[in-house]
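Q: Have a look at this one.
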Amino acid sequence: MTDQLIDFFLLMKSELLLLAVIFIMLFMNITAKENADGTPVDNNHSILVTANILLLLNFLAGFFMNTSGNLFGDSFTSTELTAFQKNILNLGTLLVSLQSYTWLKTHKHVMEFYMLLLATLLGMFLMISSQHMLLFYLGLELSTIPLAALVNFDLEKKKSAEAAMKMIMMSAFSSALLLFGISLFYGTMGTLHFQEIPAALNGSDLQLYCLILLIAAFGFKISAVPFHFWTADVYEGAPVPVTSYLSVISKGSILFVMTTVLYNVFAGMGVEWYLIICVLAVATMITGNIFAVRQQNLKRLLAFSSIAQVGFILVGMSGQNTEGAVSVTYFIIIYIFSNLAALGVISVVSALTGKEKISDYKGFYKTNPMLSWILAIALFSLAGIPPTSGFFGKFFLLLAGAGNGNYTLVIIAALNMIVSLYYYLKIVKAVFMDANEEPIPTINLAFFPKAGLLICLIGIIVTGLASGSYNYIQELFASL
Amino acid sequence: MNLNLLILIPFLTAMAILFCRSLPAVRSIALAGSAIQLVLSLVLFYLFSQERMINESLMLFEQNIVWFKTLNINYHIGVDGISVSMILLTAFVVLAGVLVSWKMPKATGGDGEMGREFFFLLMFLSLGAYGFFISLDLFTLFFFLEVAVIPKFLLIGIWGSGKKEYAAMKLALMLMGGSALVFVGLAGLYLNTYTATGLHTFDILEIANMSINLDMQLLFFPFAFVGFGIFTAIFPFHTWVPDGHSSAPTAASMFLAGISMKLGGYGCLRAAVLLMPEAAHYYSGWIVALSAIAIIYGAFATMMQTDLKYINAYSSVSHCGFVLLGIGMLTHTAIMGAVMQMVSHGLMTALFFAAIGMIYERTHTREVKKLGGLLKIMPFISTVFVIAGLCSLGLPGFSGFVAEMTVFVGAWEQVDAMYRLATILACASIVVTAVYILRAVGKAIMGPIADQHHLELTDARWNEKMAAGILIIGIVAIGIAPFWLTELVTPGTTAIMNQLNGF
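The structure is reproduced here in structure tokens:
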């Protein structure tokens, strides 16, 4: 009995640790002291310190005692791969938390922010571990609804509320599609267990229809074209740290799940989903890039660029080989570092000066050389320029895509790289080359954002040049 | 010799520059670093010649380290004669470039002249070039090719003149376009290789020993060749050259024309022709036609220019056409001529840009009309300008003559009428070259003094004299005694020819 209990705890280690963090923060909230007039004492700094330390511990704990096995009638699984994927998300959440310090320090509802944030992370963990459609759906919903509340966290801004509304409508719609697909699946197969689905696939028209619904639901969450309409508005309206979270962590988790589901569960319908993914990839890359070129607001620009990045990821996913799965996972790590570095700088600037336009960044180098270099390196990494790790990520994605013999797709992707370089260089140009009478004043970074940016910078440089992480992911996938 | 030193020295120099505060310190470190690079490359040249006598293998000083194991990507480096000549060229141009930048060009956007950033980027650019020339793995080759793109963008955009932002963006995007095509070509090549272990490979030497499926060669050769060709101004993708070169600060122009355009020619030889020989035969007519157009078009376009930098930039298009013409002819002499033309053009154009930069720094104009009689005012600089010009128009005794002559002789070995026609057209361009060079020299250097204010200007300083001296030594060394260069590159070009004739 005790053995079983220990197994249970170890298998659900990531989830339980996260729950523990949430509860610790909840107790801190309950026991918070009040001033004589009943208003709460301003202890944001200590809350933030505690939260960051807890998240750091949570991330470090993710390296140890990872066991594999199934729970709850095989509907929940834990393997080294899922543990690794969860820990990537842990790291990303830690980075988001570090860079939101400047913004949250003066916010009234810090505790709520963390509880909502961690609740969504818990949902993603459940989703990654799920071996059953219903558990998957549960995780997906848990990871979406609190996010909509987070988008609304700039409480005074109308735009923020509007963005939250848009997001919740869109998620509801995509959830409905997903549920419809799942129920039809159940009708055709009589089971929703991931392990039993491959045997029950027969490629009938109805199942193809269900597959399309499923991919559409995924498409909404990763904002693949044509399901991307919510993205730009939500990214622009949400506070920058939430935007970062949405664009890397939330997307990353769905992409992890999508890889597992498509590669393992629906391998039998490979021909069908391959076509869908190819079409989505081309549409997503081209649309994302074309819209990004015209943007003046940095957040909107990065929103569209993140759509384009998803297009590149889909190219890798269309490879249908181990390299495809490995390169997608590898790229997500790199993407977390790069995008969080770029958004980290923007978040600090936005929190302190409220400036978010590209033209505001003219002459930024004069006043903030360090931040400028970090921003530039992050953008180069997003554009796929060596020696940053973005180069390696893109290279392997496209190579995996080409591995399937679809050279046309790779040519389109390679040409899209040029377009994406254009708008990234536009920002670099503003930062380094344009003169400005009133540049953004010199910013003194607090410890936490500085640490966050530093980790991102190291990640951007090391992840690519050192091949260790790629080889490790390769081993994880090969051992499946 | 450990070839990693070639990458390590620029890297360490760049890192040391980052920790310097004052401009003099930065300059001295950059100068020391590039001087060490030159010494190192001369040592490499010596050791290579020694080793060549006893070692028959194609590549020397090889190192092969596994990088991404499951993708079979290795960090594989080694040199043959062609690479050594390119490395020598790079070292000469880098040292000269650092010397002429002693007085920094004006910067925009940042604080002051930003000397630290400037020299950091120059060193980074040279790192990319060295890495490119020693790579024997297509992945590292591509890696270093792209490493060199962003420093160019920043160098032109921050320290350039004229329409610098436009030129920088155009250059970065066109070169990135080239890289994208190269990527498609290399990825296609990779996926059609089959090794004994069942993996694909990026290794140049391994691929050279395989026969790639002909259809795949025909499909991917244009991608690789045109991609690299964009770097070396293949027609009609040459438009970045005039804008980029003329907007760049002097040192960056020298690097761009002297080194960066050679990356393309070298890549065409090493990655496209060597690895896809059958496709090279198939497409050789196209290459020759395009390069003949580039030569003629570049020469006539130069005639119309009035800005000294534009003159040299367009003439670069024309001269780099000779490189591609030599490669396209697919005869041993022509390919050797192409390699010599790369070295010769690198030195000559760097010297030209250096002289133009010195003139511009003093007179603040590059318009031929506003200049005149400079020989009386600044004899040293004017002499340098004339030497560069004479080398450009192919005067015997300078490197330009040797290289172009070799290309023509090699080209004449192809008996087909179309090739003959292209060769004749290319030869005819030399007359046009003579016209624009002599006209520029006659108006700007000789003749009456155009502007009385110019009388107060000073002649070259020590650093400028040294820079010019180094490059002139190189030019004359090839011009008078070309045999050392031919001997150096012959085994490499022979290997390419064996590959071309081997099916």
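Here the protein sequences line up with chains A and B, keeping their order.
Per our numbering, the very first residue in the first sequence carries number 1; after that it's consecutive.
Per our numbering, the very first residue in the second sequence carries number 1; after that it's consecutive.
No residue lacks a Cβ here, since even glycine has one placed at the ideal position from N, Cα and C.
1. Is it true that the CB of L179(A) sits closer than 8 Å to the CB of Y137(A)?
2. Start and end of the alpha helix (DSSP H) containing H45(A)?
3. Quick one: does V410(A) have its CB under 8 Å from some CB of chain B?
4. Using C-beta distances below 7 Å, list every residue in its chain close to Q295(A), excluding the 5 sequence neighbours before and after it, in chain order.
5. If you measure beta-carbon to beta-carbon, which residues of the segment 417-437 of chain A are closer than 7 Å to chain B?
6. Name the DSSP beta bridge partners of D307(B), please?
7. Does DSSP classify K357(A) as helix, strand or coil?
8. Could you pull the start and end residues of the beta strand (DSSP E) that I65(B) belongs to?
9. In angstroms, rounded to a whole number, what distance separates the CA positions of Y422(A) and V182(B)?
10. Could you check whether the Cβ of V26(B) sits closer than 8 Å to any Cβ belonging to chain A?
11. For the beta strand (DSSP E) holding H245(B), just list the boundary residues, first then last.
12. Starting from the Cα of T260(A), find the closest Cα among A20(A), A325(A), A164(A), L10(A) and give me that residue.
13. Taking C-alpha atoms, which residue in I475(B), I293(B), G502(B) lies nearest to L89(B)?
14. What in chain B is Cβ-close to S483(A), meaning under 7 Å?
15. Closest Cβ-Cβ distance between A251(B) and chain A: below 8 Å?
16. Using a C-beta to C-beta distance shorter than 8 Å, which residues of chain B count as neighbours of F490(A)?
17. Starting from the Cα of S344(B), find the closest Cα among M86(B), I36(B), L40(B), G33(B) and give me that residue.
18. If you follow the alpha helix (DSSP H) that Y46(B) is part of, which residue opens it and which one closes it?
19. With distance defined between alpha-carbon atoms, name the residue in L136(B), F133(B), L99(B) nearest to F118(B).
20. Evaluate contact between the segment 305-312 of chain A and the segment 444-457 of chain A, counting only Cβ atoms and requiring at least three cross-stretch pairs below 8 Å.
21. With DSSP run on the structure shown, which of helix, strand or coil describes I276(A)?
22. How far does the alpha helix (DSSP H) with V79(B) in it reach, from first residue to last?
23. So for F255(B), helix, strand or coil by DSSP?
24. My output table needs one value for F27(A): the three-state DSSP class, helix, strand or coil.
25. Between the segment 471-480 of chain A and the segment 114-131 of chain A, are three or more C-beta pairs nearer than 8 Å?
26. Name the chain D residues that come within less than 8 Å of G403(A), Cβ to Cβ?
27. Between the segment 364-375 of chain A and the segment 413-432 of chain A, are three or more C-beta pairs nearer than 8 Å?
28. Which term fits R366(B), buried or exposed, when burial requires 16 or more other beta carbons within 10 angstroms of its beta carbon?
29. Per DSSP, which residues does G69(A) bridge with? Please list them.
30. Can you determine whether any heavy atom of the ligand MN sits closer than 7 Å to the C-beta of F447(A), and answer yes or no?
31. For Q63(B), which option in M53(B), I54(B), Y75(B), P10(B) has the closest C-alpha, if you only look at C-alpha atoms?
32. Opposite S135(B) in the DSSP bridges: which residues?
33. Would you call the CB atoms of A440(B) and A354(B) closer than 8 Å?
34. Count the other CB atoms, across all protein chains shown, that sit within 10 Å of the CB of M520(B); report buried if there are 16 or more and exposed otherwise.
35. Among the candidates L347(B), G357(B), T331(B), whose CA atom is the shortest distance from the CA of D416(B)?
36. For S420(A), which option in M25(A), A383(A), S467(A) has the closest C-alpha, if you only look at C-alpha atoms?
A: According to the structure shown:
1. Stepping through the first sequence from its first residue, residue 137(A) is reached at position 137. Stepping through the first sequence from its first residue, residue 179(A) is reached at position 179. Yes.
2. Indexing the first sequence from 1 puts residue 45(A) at position 45. That run of the alpha helix (DSSP H) goes 44-61.
3. Counting from 1 along the first sequence, the entry for residue 410(A) is found at position 410. Yes - at least one Cβ of chain B is within 8 Å of the one on V410(A).
4. Numbered from 1 along the first sequence, position 295 holds the residue referred to as residue 295(A). Here the set comprises L301, F304.
5. M417, I418, L421, Y422, L425, K429, F432, M433, D434, A435
6. In the second sequence, counting from the first residue as 1, residue 307(B) sits at position 307. Partner(s): E367(B).
7. Walking along the first sequence from the start, residue 357(A) turns up at place 357. Residue state, collapsed to three classes: strand.
8. Position 65 of the second sequence, counted from the first residue, corresponds to residue 65(B). Counting along the chain, the beta strand (DSSP E) containing I65(B) begins and ends at 60-68.
9. Here residue 422(A) refers to the residue found at position 422 when the first sequence is read from its first residue. Here residue 182(B) refers to the residue found at position 182 when the second sequence is read from its first residue. The straight-line gap from Cα to Cα measures roughly 18 Å.
10. Reading the second sequence from its first residue, position 26 is the one you call residue 26(B). By this cut-off, V26(B) is not an interface position.
11. In the second sequence, counting from the first residue as 1, residue 245(B) sits at position 245. Where H245(B) is concerned, there is no enclosing beta strand (DSSP E), although the alpha helix (DSSP H) it sits in stretches over 240-247.
12. Taking the first residue of the first sequence as position 1, residue 260(A) is located at position 260. Cα-wise, what sits closest to T260(A) is A325(A).
13. Translated into the one-based positions of the second sequence, residue 89(B) becomes position 89. When each option's Cα is compared against that of L89(B), the closest is I475(B).
14. With chain A covering 1 to 480 only, the question about residue 483(A) has no answer from this structure.
15. The residue labelled residue 251(B) in the question sits at position 251 within the second sequence. For A251(B), the answer is no, since every Cβ of chain A falls outside 8 Å of its Cβ.
16. An answer regarding residue 490(A) cannot be provided, because it is not within the stretch 1 to 480 covered by chain A.
17. Looking up residue 344(B) in the second sequence gives position 344. Measuring from the Cα of S344(B), the nearest candidate turns out to be M86(B).
18. Indexing the second sequence from 1 puts residue 46(B) at position 46. 23-54 is the span of the alpha helix (DSSP H), which, as asked, contains Y46(B).
19. For the purposes of this step, residue 118(B) is taken as residue 118 along the second sequence, with counting starting at 1. Of the listed residues, the one whose Cα sits closest to F118(B) is L99(B).
20. no
21. Numbered from 1 along the first sequence, position 276 holds the residue referred to as residue 276(A). I276(A): helix per DSSP, three-state reduction.
22. Here residue 79(B) refers to the residue found at position 79 when the second sequence is read from its first residue. V79(B) -> not in any alpha helix (DSSP H); beta strand (DSSP E) instead, spanning 73-79.
23. Walking along the second sequence from the start, residue 255(B) turns up at place 255. Helix at F255(B).
24. On the first sequence, position 27 is the one that residue 27(A) refers to. Of the three classes helix, strand and coil, the one that applies to F27(A) here is helix, per DSSP.
25. no
26. Any reference to chain D falls outside this structure, whose protein chains are A and B.
27. yes
28. Walking along the second sequence from the start, residue 366(B) turns up at place 366. Around the beta carbon of R366(B), 16 or more other beta carbons lie within 10 angstroms, which makes this residue buried.
29. The residue labelled residue 69(A) in the question sits at position 69 within the first sequence. Note: G69(A) sits in a beta bridge opposite S78(A).
30. Questions concerning the ligand MN fall outside what the structure shown contains, since it holds no ligand whatsoever.
31. Taking the second sequence and counting its residues from 1, one reaches residue 63(B) at position 63. The residue with the shortest Cα to Cα distance from Q63(B) is Y75(B).
32. Position 135 of the second sequence, counting from 1, holds the residue named residue 135(B). For S135(B), which the question treats as bridged, DSSP gives the partners I77(B).
33. For the purposes of this step, residue 440(B) is taken as residue 440 along the second sequence, with counting starting at 1. For the purposes of this step, residue 354(B) is taken as residue 354 along the second sequence, with counting starting at 1. Cβ distance not < 8 Å, so A440(B) and A354(B) don't count as in contact.
34. Examination of residue 520(B) is not possible in this model, given that chain B is present from 1 through 503 alone.
35. If you number the second sequence from 1, residue 416(B) lands on position 416. Checked all of L347(B), G357(B), T331(B); the closest Cα to D416(B) is T331(B).
36. Here the question's residue 420(A) lines up with position 420 in the first sequence. Checked all of M25(A), A383(A), S467(A); the closest Cα to S420(A) is A383(A).
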